[in-house]
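Just so you know, we're using our numbering here: the sequence shown kicks off at 160 and counts up by one.
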Amino acid sequence: SSWTSKLAALVLKPKLKKMKQLLAYEEYGGAGLFGIAAPVIKAHGSSNAYAFSRALVQAEKMVEQEVVAKIVQAKATEAR
């Protein structure tokens with residue numbers, strides 16, 4: 160590799176690592192399904208243990224933040 164490639168790699172590596180982490184499905188665990196009476200997280204079929212644990216964290220946050228109740232309230236307000 161040329162010295163310019165090595166310099167570019169040195170500069171870009173931290174940014175690319177952060178972007179990889181932001182895009183990693185394992186960090187989110189799954190997607191929330193809304194329009195139902197309880198929090199549901201749909202995990203990816205090939206989720207590993209870490210991804211599944213993150214899905215549980217996501218579900219816990221949905222309960223703590225009363226996401227379903229807020230959606231119901233917003234829909235009721237919108238219907239008026």
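All C-beta atoms in this analysis are idealised placements derived from N, C-alpha and C, irrespective of residue type, glycine included.
Asked: List the endpoints of the continuous alpha helix (DSSP H) containing A235.; Found: 226 to 238
Asked: Nearest to R213 by alpha carbon, out of L166, E185, A168?; Found: E185
Asked: Classify A214 as helix, strand or coil using the three-state DSSP reduction.; Found: helix
Asked: With P198 and V216 assumed to form a contact (beta carbons below 8 Å), what rounded beta-carbon distance in angstroms separates them?; Found: The Cβ separation is near 12 Å, so there is no contact.
Asked: Give me the DSSP bridge partner(s) of K253.; Found: This structure does not reach residue 253, given that the chain is present from 160 up to 239, and the question cannot be answered.
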